[in-house]
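Visitor: What follows is a structure written as structure tokens; I'll ask about it next.
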Amino acid sequence: LFQGCNPLAETGRSKLQNQRAVLNQQILRAVRMRAGAENLLRATTNNKVREQVLLELSFVNSDLQILKEELEGLNISVEVYQNAEETFSIPLVPLGLKETKEVDFTLPLKDFILEHYSEDSSEYEDEIADLMDLRQACRTPSRDEAGIEMLISYFLQLGYVENRFFPPTRQMGVLFTWYDSFTGVPVCQQNLLLEKASILFNIGALYTQIGTRCNRQTQAGLENAVDAFQKAAGVLSYLKETFTHTPSYDMSPAMLNVLVKMMLAQAQECVFEQIGLSGIRNEFFTLVKMTQEAAKVGEVYMLVNTAMNQEPVKENVPYSWSKLAQIKSDHYKALAHYFTATFLCDHELQPGDDEDQQEKALSQLYDHMPEGLTALAVLKDKVRRKQLGKAHLRQAIVYHEEALRVCGLCKKLRNIDVLQEVLTAAHKRSLLKYAQQETEDDFLSLIQAPDVLPKTEHKIETIAPQFSKVKVKDFFHKLGPLTVFSAKQRWTAPRTIRIPQGAGELGFHLKGGSPAQIYCLDPLCPAASMGLKEGDYIVSVGGVDCKWLGVNEVLEKLRSVGEQPLEMEVISCQDTAASLHSKSATYSVGMQKTYSLICLAMDEDKIDQTKKAPLKLPFLSWGTKNRQKAASTLCLPSAVAGSSQTKKKLLPFTLLNTESSLY
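Below you can see the structure in the form of structure tokens.
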């Protein structure tokens with residue numbers, strides 16, 4: 037079985053994740069206090085009470101802001117995730133794993149096995165324990181391919197669990213709680229889709245942590261980093277397209293779109309580092325290539341920064357992430373201008389050079405040449421060449437200074453030493469290059485350096501997740517083929533058909549795959565008189581389970597009985613009348629209060645005041661109260677047939693405003 041990392045291990049990453057869990061609990065307490073204060077504010081008409089409540093609200097909101105800033109600090113703690121080798125590279129940003137609460141599947145699944153499949157649920161205790169162990173291990177995955185494989189295995193296993201145990205017509209009573217990785221606010225649902233979406237998010241997050249851990253001083257390390265960030269972008273993109281209405285801001289389509297852009301930008305940055313890893317030759321065409329690649333990295337980070345500053349994600353994207361994207365955009369634009377200046381100032385057109393190729397390369401570098409200049413004229417005229425080169429150096433220095441200024445204004449980034457060192461070194465290099473140029477003609481130079489057109493020979497795209505490469509076995513394989521034995525289909529309890537000794541012909545034929553199905557039943561045969569029906573499925577013969585056996589194998593078992601009395605168990609399919617879906621908690625886009633209170637308060641305004649509503653169960657004791665009942669915890673219909681309106685059971689989540697479908 038899969039095992040996660042030791043959650044008590046004193047590694048930097050585990051400490052950060054533990055701090056995240058503590059912060060999540062503190063945020064939950066603060067949000068509950070705010071919910072209570074807001075409810076009291078709506079209910080009271082006493083002015084003194086209102087003043088006290090408003091004062092308390094201001095304190096609670098202040099605490100929430102401080103906690104959010106602490107959470108942002110964890111999200112920008114990039115040094116912990118970088119490779120341990122000494123490096124001189126700008127840090128890459130990983131995603132932290134979403135935290136969750138423990139889930140106990142035991143009672144709901146055992147109830148469902150007994151009720152729906154009419155089997156002894158005690159025989160499935162080991163399988164349920166394996167499922168819970170796998171989920172627990174997924175909370176602390178190792179930061180490598182084994183961790184990825186474990187998360188994918190659980191994600192695929194959830195597909196089996198959903199089909200086996202989660203019927204579309206009712207809730208199962210299993211409550212999943214996941215914390216938003218940016219706001220720390222919990223989202224609670226009985227819907228298994230929240231669990232699947234959160235696991236997908238953590239697969240993408242783990243890929244980003246693998247990417248940042250790669251050694252960026254080696255070619256293999258950079259290749260692995262590019263691959264990891266492309267896979268992270270692929271998983272997050274798949275999450276955005278598959279789960280379109282996830283009730284958590286970190287998994288909203290707008291936020292996922294930003295995260296995909298950021299991961300692809302970091303992959304593009306690693307590609308640039310790959311090209312310059314072995315050293316940059318001071319040669320015309322090499323420098324032109326480096327110029328275009330640097331401009332490409334600057335462009336993608338500019339797009340990331342723009343996306344981060346758009347509504348509705350602007351309020352929840354860590355401020356330091358947005359500033360880092362802006363810094364990287366300016367830094368790589370500065371490098372593009374520096375490389376352009378280098379090949380203009382350090383190289384002159386020699387008689388043996390390919391004049392046409394150099395002219396073509398320079399003309400393709402810009403959208404348009406500066407006024408009054410042509411590419412060939414610049415290449416042949418030493419003075420103009422130097423003037424244009426110095427204009428690019430001035431532009432490079434402007435971008436470097438802007439990057440340093442923004443870095444100095446952000447407290448979290450200011451404390452990342454290697455970032456300051458890289459930016460300062462690049463700035464000094466451009467200043468030194470500019471100082472080496474002749475200065476007497478500066479006052480005559482009015483040339484404005486044009487922007488460099490971005491271009492790359494290494495197109496970065498998302499890599500879609502390859503779930504089929506991970507092979508998993510259905511834990512509940514013993515229940516039978518999933519196409520037949522699923523939560524969507526209802527069956528009678530197994531009936532025993534006894535065919536007496538010497539009955540002769542069986543009086544029926546078999547068809548289908550697994551399990552075998554009765555057809556062409558002779559209504560006068562002994563089996564029919566014992567209760568066998570057309571279309572029944574054979575689940576056992578002589579006490580031997582036959583759910584996975586085909587027609588020929590079942591016939592073999594029937595014939596092997598010979599002249600002895602024959603006993604077989606059969607089940608009949610029941611017509612399932614479509615019933616109303618139970619509603620799940622959700623939120624309305626753009627309504628942060630509704631979102632933050634989805635598992636903390638009931639929307640009492642939605643209850644018809646003319647009807648007497650039964651006493652609501654407290655949120656945290658909901659599962660425990662129901663377990664104490666004699667009836668199965670799974671028999672909680674959204675509407676009880678034949679009962680009056682006033683006696684309908686109101687589940688906690690049905691009181692929320694959930695008119696729009698969640699998934």
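Everything in the sequence shown is counted per this note's numbering, starting at 37 for the first residue and increasing by one. The beta-carbon is built from N, C-alpha and C at its ideal position, and this holds for glycine as well. As the structure is a prediction and not an experimental result, all values here were calculated from the model.
Grab me the residues of residue 470's own chain with a C-beta within less than 6 Å of its C-beta, minus the 5 sequence neighbours each way, in chain order.
Guide: 429
Visitor: By Cβ distance, which residues of its chain are closer than 7 Å to residue 563, with the 5 residues on each side in sequence left out?
Guide: 533, 535, 542, 543 and 544
Visitor: Assign residue 250 to buried or exposed, taking buried as 16 or more other Cβ atoms, counted over all protein chains shown, within 10 Å of its Cβ.
Guide: buried
Visitor: Just tell me which of 416, 93, 578 and 313 has its CA closest to the CA of residue 394.
Guide: 416
Visitor: Give the list of continuous alpha helix (DSSP H) stretches no shorter than 4 residues that lie fully inside the stretch 337-410.
Guide: 355-382 and 391-399
Visitor: So is residue 61 in contact with chain C if we call contact Cβ pairs under 8 Å?
Guide: The chain labelled as chain C is not found in the depicted structure, where only one protein chain is given.
Visitor: Which partner residues of residue 545 appear in the DSSP bridge assignment?
Guide: 555
Visitor: If you run the structure through DSSP and keep just helix, strand and coil, what is residue 604?
Guide: strand
Visitor: Return yes when the Cβ of residue 370 is within less than 8 Å of the Cβ of residue 466, no when it is not.
Guide: yes
Visitor: At the level of alpha carbons, what is the spacing between residue 518 and residue 279?
Guide: 23 Å
Visitor: Starting from the C-beta of residue 323, find all residues in its chain whose C-beta is less than 6 Å away, skip the five residues before and the five after it, and write them out in chain order.
Guide: 375, 378 and 379
Visitor: Reducing DSSP to helix, strand and coil, say where residue 595 ends up.
Guide: helix
Visitor: From which residue to which residue does the alpha helix (DSSP H) around residue 307 run?
Guide: 289-312
Visitor: Quick check: the Cα distance between residue 270 and residue 497, rounded to an integer number of angstroms?
Guide: Our two residues, residue 270 and residue 497, have alpha carbons roughly 8 Å apart in a direct line.
Visitor: Please report how far the alpha carbon of residue 304 lies from the alpha carbon of residue 262, in whole angstroms.
Guide: 7 Å
Visitor: Compare the C-alpha of residue 431 against each of 406, 440 and 487 and name the closest.
Guide: 487
Visitor: If you measure between the beta carbons of residue 468 and residue 439, is that distance less than 8 Å?
Guide: no
Visitor: Counting along the chain, where does the alpha helix (DSSP H) carrying residue 465 start and finish?
Guide: 453-472
Visitor: Rounded C-beta distance between residue 92 and residue 73? I'm assuming under 8 Å.
Guide: 5 Å
Visitor: Can you check which of these residues, 409, 272 and 191, is closest to residue 232 by C-alpha distance?
Guide: 191
Visitor: Please state the DSSP three-state secondary structure of residue 576.
Guide: strand
Visitor: Nearest CA to the CA of residue 326: which residue from 490, 142, 361 and 256?
Guide: 490
Visitor: Let's test the definition: count the other Cβ atoms within 10 Å of the Cβ of residue 404 and tell me whether it reaches 16, buried, or not, exposed.
Guide: exposed
Visitor: So, is residue 694 buried or exposed, given that buried needs 16 or more other C-beta atoms within 10 angstroms?
Guide: Annotation note: pLDDT 34 at residue 694 (below 50); position unreliable, coordinate value reported separately. So residue 694 ends up on the buried side.
Visitor: Which residue wins for smallest C-alpha separation from residue 381, given the options 423, 577 and 592?
Guide: 423
Visitor: Just curious, the alpha helix (DSSP H) that residue 271 is in, first and last residue?
Guide: 255-278
Visitor: Based on the DSSP output, what are the partners of residue 581 in its beta bridges?
Guide: For residue 581, which the question treats as bridged, DSSP gives the partners 576.
Visitor: Would you give the residue range spanned by the beta strand (DSSP E) that residue 533 belongs to?
Guide: 531-535
Visitor: Comparing C-alpha positions only, which one of 402, 147 and 178 sits nearest to residue 164?
Guide: 147
Visitor: Within the continuous alpha helix (DSSP H) that includes residue 191, where are the two ends?
Guide: Segment 181-201, the alpha helix (DSSP H) holding residue 191.
Visitor: Tell me the rounded alpha-carbon separation between residue 700 and residue 100.
Guide: Since the first and last residues shown for the chain are 37 and 699, residue 700 lies out of range.
Visitor: Would you mind working out which of 236, 217 and 210 sits nearest residue 224, comparing C-alpha positions?
Guide: Looking at the Cα atoms, 210 is the closest of the given residues.
Visitor: What does residue 526 pair with, by DSSP beta-bridge criteria?
Guide: 610
Visitor: Taking only runs of the alpha helix (DSSP H) that begin and end inside the stretch 132-171, which ones reach a length of at least 4 residues, in chain order?
Guide: 142-152
Visitor: Please tell me whether, using a cut-off of 7 Å, the distance from the CB of residue 96 to the nearest non-hydrogen atom of the ligand ZN is below it.
Guide: Only the bare structure without any ligand can be found here, which leaves the ligand ZN out of the picture.
Visitor: Quick check on the DSSP output: the beta strand (DSSP E) that includes residue 225 runs from which residue to which?
Guide: 222-225
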